[in-house]
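Accompanying notes for the structure given below.
Number of protein chains: 2
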Amino acid sequence: MNAIAASTNRKVNVPLGDRAYDILIGPGLIARAGAEIAARLKGRKAAIITDENVGPLYLNALVESLTASGIASSALVLPAGEKTKSFEHLMTACDKVLEARIERNDCVIALGGGVIGDLSGFVAGIVRRGVRFVQIPTSLLSQVDSSVGGKTGINSRHGKNLIGVFHQADLVLADTDVLNTLSEREFRAGYAEVAKYGLIDKPDFFAWLEANWQSVFSGGAARIEAIAASCQAKSDVVVADEHENSQRALLNLGHTFGHALEAATAYDSSRLVHGEGVAIGMVLAHEFSARMNLASPDDAKRVERHLREVGLPTRMSEIPGILPPAEVLMDAIAQDKKVKGGQLTFILTRGIGQSFVANDVPASEVLSFLKEKHPQ
Amino acid sequence: MNAIAASTNRKVNVPLGDRAYDILIGPGLIARAGAEIAARLKGRKAAIITDENVGPLYLNALVESLTASGIASSALVLPAGEKTKSFEHLMTACDKVLEARIERNDCVIALGGGVIGDLSGFVAGIVRRGVRFVQIPTSLLSQVDSSVGGKTGINSRHGKNLIGVFHQADLVLADTDVLNTLSEREFRAGYAEVAKYGLIDKPDFFAWLEANWQSVFSGGAARIEAIAASCQAKSDVVVADEHENSQRALLNLGHTFGHALEAATAYDSSRLVHGEGVAIGMVLAHEFSARMNLASPDDAKRVERHLREVGLPTRMSEIPGILPPAEVLMDAIAQDKKVKGGQLTFILTRGIGQSFVANDVPASEVLSFLKEKHPQ
Chain G
1 MNAIAASTNR KVNVPLGDRA YDILIGPGLI ARAGAEIAAR LKGRKAAIIT DENVGPLYLN
61 ALVESLTASG IASSALVLPA GEKTKSFEHL MTACDKVLEA RIERNDCVIA LGGGVIGDLS
121 GFVAGIVRRG VRFVQIPTSL LSQVDSSVGG KTGINSRHGK NLIGVFHQAD LVLADTDVLN
181 TLSEREFRAG YAEVAKYGLI DKPDFFAWLE ANWQSVFSGG AARIEAIAAS CQAKSDVVVA
241 DEHENSQRAL LNLGHTFGHA LEAATAYDSS RLVHGEGVAI GMVLAHEFSA RMNLASPDDA
301 KRVERHLREV GLPTRMSEIP GILPPAEVLM DAIAQDKKVK GGQLTFILTR GIGQSFVAND
361 VPASEVLSFL KEKHPQ
Chain U
1 MNAIAASTNR KVNVPLGDRA YDILIGPGLI ARAGAEIAAR LKGRKAAIIT DENVGPLYLN
61 ALVESLTASG IASSALVLPA GEKTKSFEHL MTACDKVLEA RIERNDCVIA LGGGVIGDLS
121 GFVAGIVRRG VRFVQIPTSL LSQVDSSVGG KTGINSRHGK NLIGVFHQAD LVLADTDVLN
181 TLSEREFRAG YAEVAKYGLI DKPDFFAWLE ANWQSVFSGG AARIEAIAAS CQAKSDVVVA
241 DEHENSQRAL LNLGHTFGHA LEAATAYDSS RLVHGEGVAI GMVLAHEFSA RMNLASPDDA
301 KRVERHLREV GLPTRMSEIP GILPPAEVLM DAIAQDKKVK GGQLTFILTR GIGQSFVAND
361 VPASEVLSFL KEKHPQ
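Given below as structure tokens:
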């Protein structure tokens with residue numbers, strides 16, 4: 001174990017009773033994965049699931065680290081991209097994990113971004129009705145969001161993430177070294193979720209980001225701090241409402257609009273990636289809240305200014321190609337799973353860091369807002 | 001609501017905190033399904049999953065009952081048989097449930113035996129990461145066993161039930177009228193699981209069955225009593241150890257041998273159905289316990305006498321066709337999921353109603369026992 005690397009690590013615990021787990025954040029964690037896993041799990045077998053982009057970069061280092069700690073591993077390399085969250089790949093992955101004779105105390109390791117994490121967590125949740133699960137998120141987005149909180153799943157032709165389980169990880173290793181190989185665009189997309197935690201209920205964190213975002217982008221201590229603060233924020237929400245019966249929905253700030261935009265661009269990442277949809281969606285959520293006289297229009301402007309400053313898109317018109325009409329976006333919103341008894345549920349806000357769950361937003365208001373923002 | 005029918009009903013509660021649920025047992029429950037569901041669940045939509053054998057008999061009555069209580073329903077009729085517990089049918093069923101726009105408070109209803117219950121429960125557990133679930137078991141086996149306790153799943157080429165989730169039902173309706181249409185063979189197969197509860201830890205119940213089995217087979221109050229006692233026994237075990245970390249494994253008495261025999265007959269129900277495998281398996285478990293000097297050989301004889309009296313097979317030689325050699329049966333046992341860290345886990349017994357979990361059974365002893373019982 002590298003003492004210098006370890007000393008710069010941050011640890012966030014997710015206190016879920018007998019399913020509590022640690023999120024370790026810092027450099028060099030892939031090289032220490034074997035030791036960290038062996039210290040926590042009883043099993044000595046692991047099935048790694050990764051993709052064609054991440055595998056070539058980090059799979060060897062991970063396997064070596066596991067082997068050095070006496071953990072035998074097998075690996076499945078899946079195609080990269082959102083389409084991998086399908087029944088077909090789920091079936092392949094389950095078969096591979098069973099073939100590796102993974103038992104309940106052994107683990108599935110997700111080595112990749114959100115797609116790999118969501119799929120692998122689902123696999124870990126259903127093979128033998130649940131085996132241990134370790135997340136090694138390799139994108140900023142997955143380090144601060146999807147790898148924490150136990151939501152797993154695949155997509156359906158009816159929508160994203162409609163099939164899955166809640167299955168908490170046993171350990172999350174957020175190796176900040178891997179972020180150095182991300183493209184600027186990917187890093188920015190992840191940053192949208194970092195900013196989101198400030199906008200939900202941490203106005204001071206949002207102000208800190210406004211002042212320090214350059215340091216977060218350039219790496220080092222500020223970056224680790226921002227990731228740790230984000231994981232802590234997510235952990236707090238998840239612990240308060242693990243299965244999204246109420247307040248966990250706050251994490252969807254910007255996501256209802258964002259998902260509709262992702263659907264409208266057919267999940268084509270050359271046009272829009274998730275974090276970009278969330279950035280535009282957060283601006284829309286603040287503007288819609290202002291339109292409903294809930295918040296000041298100045299707050300929406302402040303959100304837009306910061307996101308634009310870091311280089312994120314903030315307007316639907318910035319999405320390359322032609323968007324479908326507002327009515328089609330509205331249909332996508334109504335299809336979204338955050339619908340209860342036919343009523344539209346939205347995360348709205350009373351200002352920076354003052355978001356709340358609104359269960360009774362009239363569809364007609366949303367539609368006319370969308371028409372205004374996206375004239376044909 | 002039929003007051004006479006209601007008065008003959010029995011109710012067993014499964015006290016799992018905020019996931020507690022009722023099992024209602026008695027005649028006329030399909031006709032009352034709508035009222036019982038409407039009284040317990042908030043949603044007013046249901047997706048029914050049934051099979052080609054059961055659908056034609058009870059689907060209309062169920063839909064009428066739901067409609068009368070203001071619950072809109074759709075139905076999916078799948079092929080009957082163990083092969084339906086596949087990824088392919090899981091995918092079809094998830095799609096159908098999403099198409100019906102089932103939300104979290106709406107329900108999936110399983111109308112059928114164990115296969116339909118296991119598959120439907122899995123669907124209910126993963127669509128939108130969990131929707132409500134109602135079991136209407138139509139075989140004796142599923143009424144006393146699989147519909148209670150939340151185990152759901154499908155089969156893999158690596159073995160039975162290897163992919164699934166724990167997802168407790170919100171209500172179980174065991175309509176005893178439907179048992180009148182079962183074949184004698186099917187009823188007997190279910191009875192093996194009834195007898196199992198006596199053999200696990202209720203010697204008085206086993207003695208009661210020895211004295212009253214004819215009344216249980218002929219229907220009426222004794223049958224309802226036997227089903228209620230079985231559901232209560234299963235509930236007790238499940239509540240003590242929901243996720244099978246320890247004592248829930250007792251429910252597998254007879255099942256390790258039984259599963260191996262089912263695998264050896266390729267799940268061909270013309271040769272062996274699950275309950276028959278369990279009957280032979282329970283006799284083998286008692287005989288193996290005697291061989292290990294844990295129990296008296298007289299107990300094994302008593303078990304065999306009773307199961308034989310009700311018409312169940314008790315010997316491997318009674319299975320039609322050729323069985324593979326003992327070594328192949330042994331492989332199937334080792335493949336079974338009740339293996340921890342390479343050690344064989346068996347449910348053994350110290351006598352009638354004195355079963356226990358043994359984690360360190362030597363494979364060599366099991367193999368020589370099998371060779372003795374099944375000479376080539």
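Protein sequences, first through last, are from chains G and U. For the first sequence, position 290 matches number 290 in UniProt numbering, and the numbering has no gaps at all. For the second sequence, position 10 matches number 10 in UniProt numbering, and the numbering has no gaps at all. Heads up, the beta-carbon is just placed ideally off N, CA and C, and yes, glycines get one too.
Neighbouring residues, chain G, relative to residue i (Cβ below 8 Å)
i	result
Leu250/U	The contacting residues do not exist; Leu250/U stays about 17 Å from chain G at best.
His165/U	As written in the sequence, residue 165/U is Val, which differs from the His given in the question. By Cβ distance, chain G contributes Gly125, Ile126, Arg129, Gly130 and Val165.
Chain-ordered neighbours of residue i on chain U, where CB pairs are closer than 8 Å
i	result
Glu99/G	His158
Leu344/G	The contacting residues do not exist; Leu344/G stays about 13 Å from chain U at best.
Contact list for residue i against chain U, beta-carbon separation under 9 Å
i	result
Gly356/G	It should be noted that the sequence gives Phe, not Gly, for residue 356/G. None at all; the shortest Cβ gap to chain U is about 20 Å.
Leu41/G	In chain order: nothing, as chain U lies at least about 12 Å away.
Leu141/G	Correct list: empty, because the minimum Cβ distance to chain U is about 20 Å.
Leu173/G	Here the premise fails: no neighbours, minimum Cβ distance about 24 Å.
Sub-8 Å separation of residue i and residue j beta-carbons
i	j	result
Thr50/U	Val12/U	no
Tyr21/G	Gln168/G	yes
Ala226/U	Leu307/U	no
Gly34/G	Leu66/G	yes
Ile224/U	Thr176/U	yes
Ser347/G	Ala285/G	Per the sequence shown, the amino acid found at residue 347/G is Ile instead of Ser. Yes. Within cutoff.
Gly190/U	Val165/U	no
Glu262/U	His158/G	no
Lys45/U	Ile71/U	yes
Gly153/G	Arg129/U	yes
Leu272/U	Ile333/U	no
Val131/U	Ile102/U	yes
Val134/G	Leu162/G	no
Ile280/U	Gly258/U	yes
Leu62/U	Thr84/U	no
Val148/U	Val123/U	no
Val278/G	His243/G	no
Ile30/G	Arg10/G	no
Enclosing alpha helix (DSSP H) for residue i [first to last residue]
i	result
Ser368/U	Ala363 to Lys373
Phe122/G	Gly114 to Ile126
Leu272/U	Leu272/U -> no alpha helix (DSSP H), and no H or E assigned at all.
Arg10/U	Per DSSP, Arg10/U belongs to no alpha helix (DSSP H); it is in the beta strand (DSSP E), Arg10 to Val14.
Met316/U	Element bounds for Met316/U: n/a, residue is neither H nor E.
Thr84/G	Looking at the DSSP string, Thr84/G is not in any alpha helix (DSSP H), and its letter there is neither H nor E.
His259/G	His255 to Ala264
Pro324/U	Premise fails: Pro324/U is in no alpha helix (DSSP H) and is neither H nor E.
Asp145/U	Where Asp145/U is concerned, there is no enclosing alpha helix (DSSP H), given that its DSSP letter is neither H nor E.
Ser296/U	From DSSP, Ser296/U is part of no alpha helix (DSSP H); its letter is neither H nor E.
Pro203/U	Pro203 to Ser218
Ile352/U	Where Ile352/U is concerned, there is no enclosing alpha helix (DSSP H), given that its DSSP letter is neither H nor E.
Gln232/G	Ala221 to Ala240
Leu29/U	Leu29 to Arg40
Beta-bridge pairing of residue i - partner residues as DSSP gives them
i	result
Gly159/U	Ser156/U
Leu111/G	Thr50/G and Ile136/G
Ile347/G	Val357/G
Ala72/U	Lys45/U
Phe166/U	Lys151/U
Val77/U	Thr50/U
Cross-chain neighbours of residue i in chain G, by beta carbon under 9 Å
i	result
Leu29/U	Those do not exist, as Leu29/U stays about 27 Å from chain G at its closest Cβ, beyond 9 Å.
Under 7 Å from the C-beta of residue i: neighbouring residues of chain U
i	result
Gly153/G	Arg129
Leu16/G	By Cβ distance, chain U contributes nothing, its closest Cβ being about 15 Å from Leu16/G, past 7 Å.
Leu66/G	Near Leu66/G there are no residues of chain U at all, since even the closest Cβ is about 18 Å away, more than 7 Å.
Residues that residue i contacts on chain G, provided the C-beta gap is smaller than 7 Å
i	result
Leu119/U	By Cβ distance, chain G contributes nothing, its closest Cβ being about 13 Å from Leu119/U, past 7 Å.
Leu182/U	Within 7 Å Cβ-Cβ: nothing; Leu182/U doesn't reach chain G, min ~29 Å.
Opening and closing residue of the beta strand (DSSP E) in which residue i lies
i	result
Tyr21/G	Tyr21 to Gly26
Ile174/G	Sequence inspection shows Ala at residue 174/G; the Ile mentioned does not correspond to that position. Here the beta strand (DSSP E) through Ala174/G covers Leu171 to Asp175.
- Message: Output needed in chain order: residues of the segment 76-95 of chain G with a Cβ under 7 Å from some Cβ in chain U.
- Response: Phe87, Met91, Cys94 and Asp95
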